[in-house]
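Colleague: In order, the protein sequence lines correspond to chains Y and G. Taking the numbering used here, I'd label the letters of the first sequence as residues 346 to 592. Taking the numbering used here, I'd label the letters of the second sequence as residues 13 to 617. The beta carbon of each residue, even a glycine, is placed where N, CA and C say it ideally should be. Keep in mind the model is a prediction, meaning the values are calculated, not measured.
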Amino acid sequence: MSAGTALLEVSGLAVGYGHVGVLRGVDLAVPQGAIVALVGSNGAGKSTLLRAISGLLRPAAGAIVFAGQAIAGEPPHRIIDLGLLHVAEGRRLFRRQNVHANLELGLYGTSLDRAEERRRYDFVYELFPMLAERPQAPAGILSGGQQQMLAIAQALMRQPKLLMLDEPSLGLAPIVVDQVIEVLQRLRAAGTTILLVEQMVERALDIADQAYVLQNGAVIGSGTPADIRAGDLIRRAYLGAVSDRGA
Amino acid sequence: MGDAALALIRSPRTRPALLFALALALYLAPFAVGTEYRLFIATQMAAYVLVAIGLNLLNGYSGQVSLGHGALVAIGAYTVALAMVDHQWSFWPAALLAMVAAAAVGAVMALPAFRLSTWYFALITLGFAEVVGGLLTEWRELTHGFAGVVGIPKPVVLGHTLTSFDLYWLALSLNILALLGMANLLSSRFGRALVAVRDNPVAATAAGVSLVRIKMMAFVTSAAMAGLAGALFAVQKTVVTPDDFTADFSIFFLLMVVLGGAGRLWGPVVGAIVFFLVPELLTALQSWRMLIYGIALLLLMLYAPHGLVGAIEIGWKRLRARLGLSNIPPAPSLATARTAVEPVAGAALSVRNVEKRFGGVAALAGVSLDVAAGANHAIVGPNGSGKTTLLNMISGFYPIDSGTILIDGRSVVGMAPHRIARNGVGRTFQTPRMLPQLSVLDNALLGAFPAERQGAAAAALCLPRARREQAASLGDALRYLDFVGLADRAMEPAGELPHGQQRLAEIARALVGRPRLLLLDEPAAGLSLAELGRLGELIAAIGALGTTVVIVEHHLELVANICRSVTVLERGAVLASGTPAEVFSHEEVIAAYMGSQASVGQAAS
């Protein structure tokens, strides 16, 4: 893939909490229109990478270029306005607000005409029929899976160019995981680029065009899912972490 | 920076020696610089510090705001004054009575705290202080009204009347004892329980901690210390009047705690030095005092929200980090930590026709299931089918609408959740409920709360029995952290662990309580493949100890590997139950729940 077609390009990104380095010079490129999977064991730095890209963490060094603009160190709201949305791990919703109000908050700060707003509600309700069933239910009483759907739907209200998802399958019934996977494929078909962090590595590789393997805050390999499966990168990334902990 | 300073930073073990030297200097100081005025101020400050240490227990550690502590001091002071002047009591029994009276009033004052949230409660304590202030002036037959009580004699020991020197030493000794007792109490099970009640009441309850009892303990202890301080105050000033105990007085104590550093052992001491002693010594600036106060208050709130001690702690950690030193203390090593964990007698679970409605929605519509003692049982089903609700009913977090739940043949319906936990039911939550500021080890130790028998007094005095219990719990906690594979992260703050490891730490906490029935709510969510494999082994190992395990989980391979029986819920009712092989090949289950994971059915058969 040539750098010219990349929607998001990260180079030499370093992030530290206090004096501990969590990301150590990460390079990553997400091509326009692709699903890119980011895999690695817990603590490898996947969520930290997403948080740095979306402006929730300030990088210590490195560059992040999104749609031709340097965004490293920009505040999160400006990055969102550029069309880069981050659905964080753990269903960050307004629990007392109902489903519809949560979706409405997804539009906060935009100025769309009525027809366009209507179209976006229709789009997400059609994508997630289980939300359309109870638009007046407070988010807090939805089941875990429904909350996850709502969190994704909220981000989609802005029609992101790049959607970053942190563990969308967390706590979902297998059949709902199927639905989420299907939704991601439909979004890609509609032109949305996706950066996916997922512990269900096989499911993620099934739909990804490209994958990166992260270990101890650095990329240890990348390529097509077939390349990744062929090598022993995955085994190294996960089992390596286990033997580290065992020591 | 000098070598001595560097050596000090490198080894915090010099602290006890430094503190001992400080205490010695304070004891000897009167011989060098003791004037009547200075001793008077120092003794008064010691009385204030005593109140603030107690208030810190209440406000800093258990999270309750009291704007009425001045009134508790007043009760202590008036009790001593009236007993000594009107009834010719000796100081010592009068001081004891002052503590008992303040503690009793404090207990009554605590009652609304169990129903009201923090600030409403704070307003109630403020009202309470006003009532006491009113009684002091109006109940003239008892309190002598505005004039107050005059001519309070000095305490006498064996015929010797205490001088101002002696009073200072007495007050200083009480301060040192209070700090030592508090340090012991806070490092015991009560310290962890207090923080848990403040930061995560749900986790506290699941660990078997009674929120009511812990809050009550904090109140009564805090009130008794205020009463004792009042007793000192009375004999030191020899006069008590209602004007000594205005609403400002209560707020002054709260400021000392908050600005010194709430929830930090030394916070009240530093607060008292900065906000009482310094202004008192700068008497030339008397007229500017309130202005300096106000500005200091604003600056501190802006730049040191955790108080002075909090700011010092943060600076200290930064300094150590800059010198390349770790801020994570070494883990305690214990010979017992390596011994194997002991087996438990599992409890049988029987759920019969349990129903639960939220508003008009039936979350559970007559669910029954049986789990034999020592078995591993899974509850699966679509999101929103009532799995977590069922766990919440079994552990008592939700009241039951109808039906019965028996654990080892005993009904737990209507039992408080902390009592169910004490009866051997451990649980984890979908989102791990950790105390993020405490270490992983302290989080695990919270699980040992119900197993320990020591009372608060034994813990504060660090009696040998309490020490033995604490050592045993520490051994248990280290052993179970090792068991779940977190031994090397034991001393890190729990909030800094990745999600998946917080889950394992939460399981370790539940295991430390040696549950006979363990309820796990989606333990595999967010775990990597390797961690998933370890979790499977871990649950199998827990089952092998004899514990009955009920697990809500979506990872069907995990379920098929570790469970002999499965219940499938759908819309609050049992859709199917049986062995994993039977259930996962059930057509309706595949259609409603499994989708493309149906191959697990073949794998399990």
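1. Taking its Cβ as the centre, do 16 or more other Cβ atoms sit within 10 Å of G:Ala349, making it buried, or is it exposed?
2. Spell out the partners DSSP gives Y:Asn443 in its beta bridges.
3. Using 8 Å for Cβ pairs, my map puts Y:Gln491 next to Y:Leu448. What's the rounded Cβ distance?
4. Of the residues that make up the stretch 507–524 of chain Y, which ones have a beta carbon closer than 7 Å to any beta carbon in chain G?
5. Note down the Cα distance separating Y:Ala359 from G:Val437, rounded to an integer number of angstroms.
6. Could you name the residues of chain Y that G:Thr443 contacts, counting a contact when the two beta carbons are closer than 7 Å?
7. Which residues in chain G have a C-beta closer than 9 Å to the C-beta of Y:Ile416? List them in chain order.
8. Tell me the DSSP bridge mates of G:Ala205?
9. Determine the closest residue to G:Leu498 out of G:Glu508, G:Pro124 and G:Ala517, with distance taken between C-alpha atoms.
10. Can you check whether the C-beta of G:Leu335 is within less than 7 Å of a C-beta belonging to chain Y?
11. Would a C-beta distance cut-off of 7 Å place Y:Ile416 and Y:Ile425 closer than the cut-off?
12. Straight-line CA distance for G:Lys329 to G:Val144?
13. Throw me the rounded Cβ distance for the G:Ala375 and G:Val252 pair, which I believe falls under 8 Å.
14. Going along the chain, which unbroken runs of the alpha helix (DSSP H) with 4 or more residues stay wholly within the stretch 65–103 of chain G?
15. Quick one: residues in its chain with C-beta nearer than 6 Å to the C-beta of Y:Ala534, no 5 flanking neighbours on either side, listed in chain order?
16. Under the three-state reduction of DSSP, which class applies to G:Asn455: helix, strand or coil?
17. Use the C-beta contact count for G:Ser200: other C-beta atoms within 10 angstroms, 16 or more gives buried, fewer gives exposed.
18. Smallest Cα separation from G:Gln514: which of G:Ala183, G:Glu534 and G:Leu529?
19. Alpha carbon to alpha carbon, how far is G:Ser74 from G:Val209? Give it in angstroms, no decimals.
20. Where G:Phe52 and G:Gln449 are concerned, what is the direct C-alpha to C-alpha distance, given to the nearest angstrom?
21. Determine the chain G residues that contact Y:Val542 at a beta-carbon separation under 8 Å, and present them in chain order.
22. To be precise: take each residue of the stretch 468–488 of chain Y, compare its Cβ to all Cβ atoms of chain G, and keep it if any distance is under 8 Å. Which residues remain?
23. For the beta strand (DSSP E) containing G:Gly538, name the first residue and the last one.
24. By alpha-carbon positions, which one of G:Leu531, G:Ala37, G:Ala377 and G:Leu244 ends up nearest to G:Ile432?
25. Per DSSP, what kind of secondary structure is G:Leu550 in: helix, strand or coil?
26. Quick one: which residues of the stretch 367–386 of chain Y get their C-beta closer than 9 Å to a C-beta of chain G? List them in chain order.
27. In whole angstroms, give me the CA-to-CA distance for G:Leu189 and G:Ala59.
28. For the stretch 558–570 of chain Y, list every residue whose C-beta sits within 7 Å of some C-beta in chain G, in sequence order.
29. Establish whether the CB of G:Ala542 and some CB of chain Y are separated by less than 7 Å.
30. Using DSSP's beta-bridge definition, name the partner residues of Y:Arg369.
31. Tell me, please, whether the CB atom of G:Met446 is closer than 7 Å to any CB atom in chain Y?
32. Would you kindly check if the distance between the Cβ of G:Met503 and the Cβ of G:Phe288 is under 7 Å?
33. Under the three-state reduction of DSSP, which class applies to G:Phe370: helix, strand or coil?
34. Of the residues Y:Gly390, Y:Arg531 and Y:Leu487, which one's Cα is nearest the Cα of Y:Val444?
35. Cβ of Y:Gly485 versus every heavy atom of the ligand GDP: is any distance shorter than 6 Å?
36. Chain G partners of Y:Val355, CB-CB under 9 Å?
Modeller: In short, the structure shows the following:
1. Locating residue 349 of chain G in the second sequence gives position 337, counting from the first residue. Residue confidence for G:Ala349 is low, a pLDDT of 48 falling below 50, so the modelled location carries little weight and cannot support an answer.
2. On the first sequence, residue 443 of chain Y is found 98 positions in, with the first residue counted as 1. DSSP lists Y:Pro483 as partners of Y:Asn443.
3. The sequence position of residue 491 of chain Y within the first sequence is 146, counting from 1. The sequence position of residue 448 of chain Y within the first sequence is 103, counting from 1. 13 Å between Cβ atoms; not a contact.
4. Glu512, Leu515, Gly516, Leu517, Ala518, Pro519, Ile520, Val521 and Asp523
5. As a working note, residue 359 of chain Y is residue 14 in the first sequence. As a working note, residue 437 of chain G is residue 425 in the second sequence. If I take the Cα positions, the gap works out to 45 Å.
6. Indexing the second sequence from 1 puts residue 443 of chain G at position 431. Within 7 Å Cβ-Cβ: Gly435.
7. Here residue 416 of chain Y is taken as the residue at index 71 of the first sequence, counted from 1. Under the 9 Å cutoff, chain G gives no residues; its nearest Cβ is about 25 Å from Y:Ile416.
8. Numbered from 1 along the second sequence, position 193 holds the residue referred to as residue 205 of chain G. Paired residues: none, contrary to the question.
9. In the second sequence, counting from the first residue as 1, residue 498 of chain G sits at position 486. Among G:Glu508, G:Pro124 and G:Ala517, the Cα nearest to that of G:Leu498 is on G:Ala517.
10. As a working mapping, residue 335 of chain G is identified with position 323 in the second sequence. So no, G:Leu335 is outside the interface.
11. Sequence index remark: in the first sequence, residue 416 of chain Y carries index 71 (1-based). Sequence index remark: in the first sequence, residue 425 of chain Y carries index 80 (1-based). No; because the gap between Cβ atoms is not below 7 Å, this pair is not in contact.
12. Here residue 329 of chain G is taken as the residue at index 317 of the second sequence, counted from 1. Here residue 144 of chain G is taken as the residue at index 132 of the second sequence, counted from 1. In a straight line, the C-alpha of G:Lys329 is about 44 Å away from that of G:Val144.
13. Against the second sequence, residue 375 of chain G aligns to sequence position 363. Against the second sequence, residue 252 of chain G aligns to sequence position 240. Actually they do not touch by this definition, with Cβ atoms about 59 Å apart.
14. 81–97
15. Here residue 534 of chain Y is taken as the residue at index 189 of the first sequence, counted from 1. None.
16. Here residue 455 of chain G refers to the residue found at position 443 of the second sequence. G:Asn455 falls in the helix class under three-state DSSP.
17. In the second sequence, residue 200 of chain G corresponds to position 188, counting from 1. Buried, since its Cβ has 16 or more Cβ neighbours within 10 Å.
18. Numbered from 1 along the second sequence, position 502 holds the residue referred to as residue 514 of chain G. Nearest of G:Ala183, G:Glu534 and G:Leu529 to G:Gln514, Cα basis: G:Glu534.
19. Residue mapping note: residue 209 of chain G aligns to position 197 of the second sequence, counting from 1. Residue mapping note: residue 74 of chain G aligns to position 62 of the second sequence, counting from 1. In a straight line, the C-alpha of G:Val209 is about 6 Å away from that of G:Ser74.
20. Taking the second sequence and counting its residues from 1, the one referred to as residue 52 of chain G is at position 40. Taking the second sequence and counting its residues from 1, the one referred to as residue 449 of chain G is at position 437. G:Phe52 and G:Gln449: Cα-Cα distance of roughly 40 Å.
21. By one-based count along the first sequence, residue 542 of chain Y stands at place 197. Those do not exist, as Y:Val542 stays about 11 Å from chain G at its closest Cβ, beyond 8 Å.
22. Ile486, Leu487 and Ser488
23. One-based indexing of the second sequence puts residue 538 of chain G at position 526. No beta strand (DSSP E) holds G:Gly538; DSSP gives it neither H nor E.
24. Start at 1 with the first residue of the second sequence, and residue 432 of chain G comes out as number 420. Taking only the C-alpha atoms, the option nearest G:Ile432 is G:Leu531.
25. The residue you call residue 550 of chain G lines up with position 538 of the second sequence. Helix, per DSSP.
26. Val384, Gly385 and Ser386
27. The residue given as residue 189 of chain G occupies position 177 in the second sequence. The residue given as residue 59 of chain G occupies position 47 in the second sequence. Taking the straight line joining both Cα atoms gives about 13 Å.
28. none
29. On the second sequence, position 530 is the one that residue 542 of chain G refers to. Interface residue, yes.
30. For the purposes of this step, residue 369 of chain Y is identified with residue 24 of the first sequence, where counting begins at 1. Y:Ala359, per the DSSP bridge assignment.
31. Stepping through the second sequence from its first residue, residue 446 of chain G is reached at position 434. Not one chain Y Cβ lies under 7 Å of G:Met446.
32. Translated into the one-based positions of the second sequence, residue 288 of chain G becomes position 276. Translated into the one-based positions of the second sequence, residue 503 of chain G becomes position 491. Against a cut-off of 7 Å, the Cβ pair of G:Met503 and G:Phe288 comes out as no contact.
33. Taking the first residue of the second sequence as position 1, residue 370 of chain G is located at position 358. Three-state result, G:Phe370: strand.
34. Here the question's residue 444 of chain Y lines up with position 99 in the first sequence. It is Y:Leu487.
35. For the ligand GDP, the structure offers nothing, since it holds no ligand at all.
36. Counting from 1 along the first sequence, the entry for residue 355 of chain Y is found at position 10. Correct list: empty, because the minimum Cβ distance to chain G is about 21 Å.
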